[in-house]
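S.K.: So that we are looking at the same thing, I have put the structure below in structure tokens.
In our numbering, the protein residues as written are 1 to 395.
And the structure:
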């Protein structure tokens, strides 16, 4: 049995409101108030009919109240302005286009991510839109996931197009697409993830190499003079290059008889990798004597360097000094520091506190991880003082 409602009819699966105005107001308002209710649902239509009935009554009352003004105007041109209810068309799950949802998703991510992180997300979503942008998101299926993986595997590296994207980059872009679909599912546009069960790119993570004592000696003696101060600092503190480069002179603070420490904290240049990365690292005596006096007394300690420049300088030093061992990068200085801690008998969770790693102090990370304030500055000072540069180093 079809639903019957006063002043509304169901046409082409959409309810349409139509109510005829009284004859005395028709010269001003027209014959009837007609408007699509933009819904096939009878209950929603009934609520919207009530709103339009109120609008209808208000229009008629205002015209009749101004009847004297209408009769005194030769053209009868009195304009009655009443805001009309605006209704959005009902959208079924899965009907929204991928490109429209992607635009909304990118706007949200732009507010939440830092520029460098957002750049990768924008690139990944751009690839996804290029492939599926004109399709309803509900039409995506497992085969489309396989097609997108094939697209990623065929992309060329930029800017010279030498070889395809690395597996790590492919896995990152695949993850961007999956997170977008998960977001769409949470927003109610999908009933289930369409790419579920599709296995992404397998990444064979290659560990960085650890600097040998001979390599440390050669880099400090014959390496770039611009890179040498940063290299020395990272060898004796275990800092990441990105952490060291944003250090300011004001973040080298005195702790009385414990000497000076480097305060690794977020600042206006960049955020830290994780909460665990926020820490205090004692300054080694060699840094006190040979490095800090040569660095600026205010502002950034390494104003002439950036992460990109460090990578290029280190690569040039490797080539010039014939240090061709695979996996040898600037981050190897951090691995050298951790190796020295292990060889001097430092417990792993002590080293984790120094280098800003999530502590592995207990098997379930409960007791120490939740209740301990970490090792003391005195303990950190004892560890740092045990670190020795190779015998052949001359500062």
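Beta carbons are placed, not taken as given, at the ideal position from N, Cα and C, and that holds for glycine.
I'd like to know if the region 193-202 and the region 225-235 are in contact, where contact means that at least 3 CB-CB pairs between them fall below 8 Å.
M.R.: No: fewer than three Cβ pairs fall under 8 Å.
S.K.: Please state whether the Cβ-Cβ distance between residue 173 and residue 164 is less than 8 Å.
M.R.: No.
S.K.: What is the DSSP secondary structure of residue 218, reduced to helix, strand or coil?
M.R.: Residue 218: helix per DSSP, three-state reduction.
S.K.: With a 10 Å radius around its C-beta and 16 neighbouring C-beta atoms as the bar for buried, classify residue 356 as buried or exposed.
M.R.: When all chains shown are included, residue 356 counts as buried.
S.K.: Determine the contact status of residue 215 and residue 260, defining contact as a CB-CB distance below 8 Å.
M.R.: No; because the gap between Cβ atoms is not below 8 Å, this pair is not in contact.
S.K.: Using beta-carbon positions only, say whether residue 227 and residue 130 come within less than 8 Å of one another.
M.R.: No. Outside cutoff.
S.K.: Spell out the partners DSSP gives residue 183 in its beta bridges.
M.R.: DSSP lists no partner for residue 183.
S.K.: I need the straight-line Cα distance from residue 148 to residue 352, nearest angstrom please.
M.R.: Going by the C-alpha atoms only, they are around 39 Å apart.
S.K.: Buried or exposed: where does residue 333 fall if 16 or more other Cβ atoms within 10 Å of its Cβ makes it buried?
M.R.: Looking at its Cβ environment, which holds 16 or more other Cβ atoms inside 10 Å, residue 333 is buried.
S.K.: Given this structure, state the Cα-to-Cα distance separating residue 264 from residue 95, to the nearest angstrom.
M.R.: So the two alpha carbons sit approximately 49 Å from each other.
S.K.: Quick one: Cα of residue 166 to Cα of residue 125, how far?
M.R.: Answer to the nearest angstrom: the Cα atoms are 18 Å apart.
S.K.: Spatial neighbours of residue 19 within its chain, please: C-beta separation below 7 Å, excluding the five flanking residues on both sides.
M.R.: Around residue 19: 7, 32, 33, 56.
S.K.: Measure the alpha-carbon distance for residue 29 versus residue 48 and round it to whole angstroms.
M.R.: Taking the straight line joining both Cα atoms gives about 20 Å.
S.K.: Of all the alpha helix (DSSP H) runs that stay within the bounds of the region 253-316, which reach a length of 4 or more residues?
M.R.: Complete alpha helix (DSSP H) runs here, min 4: 285-290.
S.K.: Quick check: the Cα distance between residue 311 and residue 190, rounded to an integer number of angstroms?
M.R.: Approximately 43 Å, taken between the alpha carbons.
S.K.: When you compare only the Cα positions, how much space is there between residue 182 and residue 13?
M.R.: Each residue's alpha carbon lies about 31 Å from the other.
S.K.: Buried or exposed: which applies to residue 296, given that a residue is buried once 16 or more other Cβ atoms fall within 10 Å of its Cβ?
M.R.: Its Cβ having fewer than 16 others within 10 Å, residue 296 is exposed.
S.K.: Just verifying my parser: in three-state terms, what is the DSSP assignment at residue 50?
M.R.: DSSP places residue 50 in helix when its eight states are reduced to three.
S.K.: Residue 119 by DSSP, collapsed to three states: which one?
M.R.: In this structure, residue 119 counts as helix in the three-state DSSP scheme.
S.K.: Considering only their Cβ atoms, is the gap separating residue 387 from residue 282 smaller than 8 Å?
M.R.: It is not a contact, given that the beta carbons lie outside the stated cut-off.
S.K.: Put residue 16 into one of helix, strand or coil per three-state DSSP.
M.R.: Residue 16: strand per DSSP, three-state reduction.
S.K.: Take the Cβ of residue 239 as the centre, count every other Cβ of all protein chains shown within 10 Å, and call the residue buried at 16 or more, exposed below.
M.R.: Under this definition residue 239 is a buried residue.
S.K.: Based on Cα-Cα distance, which residue from 241, 92, 220 lies nearest to residue 392?
M.R.: Nearest option by C-alpha distance: 220.
S.K.: Look at the alpha carbon of residue 378 and the alpha carbon of residue 252, and state the distance between them as a whole number of angstroms.
M.R.: Computed Cα separation, rounded: 17 Å.
S.K.: Terminal residues of the continuous alpha helix (DSSP H) containing residue 332?
M.R.: Looking at the DSSP string, the run of the alpha helix (DSSP H) that includes residue 332 is 332-343.
S.K.: So with Cβ pairs under 8 Å, would you call residue 164 a contact of chain C?
M.R.: The chain inventory of the structure shown lacks chain C, comprising one protein chain alone.
S.K.: On the CB-based measure, 16 or more other CB atoms within 10 Å of its CB, does residue 277 come out buried or exposed?
M.R.: Flag for residue 277 reads buried.
S.K.: Considering only the beta carbon of each residue, do residue 209 and residue 325 sit closer than 8 Å?
M.R.: Contact flag set, yes.
S.K.: Would you tell me roughly how many angstroms separate the C-alpha atoms of residue 17 and residue 10, rounded to the nearest one?
M.R.: Going from the Cα of residue 17 to the Cα of residue 10 covers about 9 Å.
S.K.: In angstroms, rounded to a whole number, what distance separates the CA positions of residue 60 and residue 144?
M.R.: Those two C-alpha atoms are separated by around 56 Å.
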